[in-house]
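Peer 1: Quick note on this note's numbering: the sequence shown kicks off at 2 and runs consecutively.
My questions all concern the structure below.
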Amino acid sequence: MNFSRYLKRLTARPIYLISLLATIIIGIVVGAFFNTRAERFFAAGSVVDFYVNALTGRGSLIGLSFARLFTDVCLALIFFACSFVAVLIPIYYIILFYRGYVIGLAAVIFFSNFGVNGVMLFIFGVFIADVVSCLSLVGFAVLVAGNKNQCRKDKNERFYLLMFCIAAAFVAILVELLMLSLFLRPLNHNF
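Take a look at the structure:
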């Protein structure tokens, strides 16, 4: 795999790349500023309990990581399936907007429930892994749409891009697991 070729192809369609990134940012803004109390109430129970149990030692960090990895793999598989039919490209925007919305909603939940401590928990526990996952999905969408002829010539390219998305999600979740277990969980126990 020639990474310089992929970087050229990523920047070859700047409008598509910017539109996908803007979709994530708009989703984050909408999730952070335009959510209702009901959405925060229903989402807060599961999100906060999940992370609090993981931080206090009552819950499993491995379970948290596998749940996130399963979600990221499912989204990568959806992107992979949609890449074969051009009519399904709007699904990319819907998924990326929803991921951004969830990131923004999680920010509000963590900040409102944990205050300043919620900032660290959000950044190290949610934000990094979600952003890496979203960026890998954006890269997949741009590379597949950027050069349909290349994908037709190289039958395995979509599969390689799918594996890259899954590997990026795995690395992001591994970093999240390390940050939670080596930094935030001991910090929570000591303070």
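We put the CB at the ideal spot given by N, CA and C, even for glycine.
Within the same chain, show all residues whose beta-carbon is closer than 7 Å to that of Tyr-99, passing over the 5 residues directly before and after it, in chain order.
Peer 2: Position 98 of the sequence shown, counting from 1, holds the residue named residue 99. Excluding positions up to five away in sequence, the list reads Gly-28.
Peer 1: In whole angstroms, what is the alpha-carbon distance linking Ile-129 and Val-176?
Peer 2: On the sequence shown, residue 129 is found 128 positions in, with the first residue counted as 1. On the sequence shown, residue 176 is found 175 positions in, with the first residue counted as 1. One C-alpha to the other measures close to 9 Å.
Peer 1: Measuring alpha carbon to alpha carbon, tell me which residue in Leu-62, Met-121, Leu-162 is nearest Val-139.
Peer 2: Locating residue 139 in the sequence shown gives position 138, where the first residue counts as 1. Val-139 has its Cα closest to that of Leu-162, out of Leu-62, Met-121, Leu-162.
Peer 1: Looking at Phe-111: is its Cβ nearer than 7 Å to the Cβ of Phe-123?
Peer 2: As a working note, residue 111 is residue 110 in the sequence shown. As a working note, residue 123 is residue 122 in the sequence shown. Yes, Cβ-Cβ distance for Phe-111 and Phe-123 is below 7 Å.
Peer 1: How about Leu-97 and Leu-21: are their beta carbons less than 7 Å apart?
Peer 2: Here residue 97 is taken as the residue at index 96 of the sequence shown, counted from 1. Here residue 21 is taken as the residue at index 20 of the sequence shown, counted from 1. Contact: yes.
Peer 1: Across the region 167-184 and the region 130-137, are there enough close Cβ pairs to call them in contact, namely three or more that are closer than 8 Å?
Peer 2: Taking 8 Å as the limit for Cβ pairs, the verdict is that the region 130-137 does touch the region 167-184.
Peer 1: Do you know how far the Cα of Leu-183 is from the Cα of Ala-168?
Peer 2: Within the sequence shown, the letter at position 167 stands for residue 168. Within the sequence shown, the letter at position 182 stands for residue 183. Using only the alpha carbons, I get a separation of about 22 Å.
Peer 1: So is Arg-69 buried or exposed if we call it buried at 16+ other beta carbons inside 10 Å?
Peer 2: Position 68 of the sequence shown holds residue 69. Per the 10 Å Cβ criterion, buried.
Peer 1: Decide if Ile-63 is buried, meaning its Cβ has at least 16 other Cβ atoms within 10 Å, or exposed.
Peer 2: As a working mapping, residue 63 is identified with position 62 in the sequence shown. Exposed: under 16 other Cβ atoms inside 10 Å.
Peer 1: So what does DSSP say about Phe-85, is it helix, strand or coil?
Peer 2: Here residue 85 is taken as the residue at index 84 of the sequence shown, counted from 1. It is coil, neither helix nor strand.
Peer 1: Which runs of the alpha helix (DSSP H) fall wholly inside the region 80-136 and span at least 4 residues, in chain order?
Peer 2: If we require 4 residues or more, the alpha helix (DSSP H) runs fully inside the region 80-136 come out as 91-115, 117-123.
Peer 1: Using alpha carbons as the reference points, say which of Val-132, Ala-107, Asp-131 lies closest to Val-120.
Peer 2: Walking along the sequence shown from the start, residue 120 turns up at place 119. The shortest Cα separation from Val-120 among Val-132, Ala-107, Asp-131 belongs to Ala-107.
Peer 1: Whole angstroms are fine: how far does the CA of Phe-34 sit from the CA of Leu-18?
Peer 2: Translated into the one-based positions of the sequence shown, residue 18 becomes position 17. Translated into the one-based positions of the sequence shown, residue 34 becomes position 33. Rounded to the nearest angstrom, the two C-alpha atoms are 24 Å apart.
Peer 1: Does the separation of the CB atoms of Gly-32 and Tyr-93 fall below 7 Å?
Peer 2: By 1-based counting over the sequence shown, the position of residue 32 is 31. By 1-based counting over the sequence shown, the position of residue 93 is 92. The answer is no: Cβ separation not under 7 Å.
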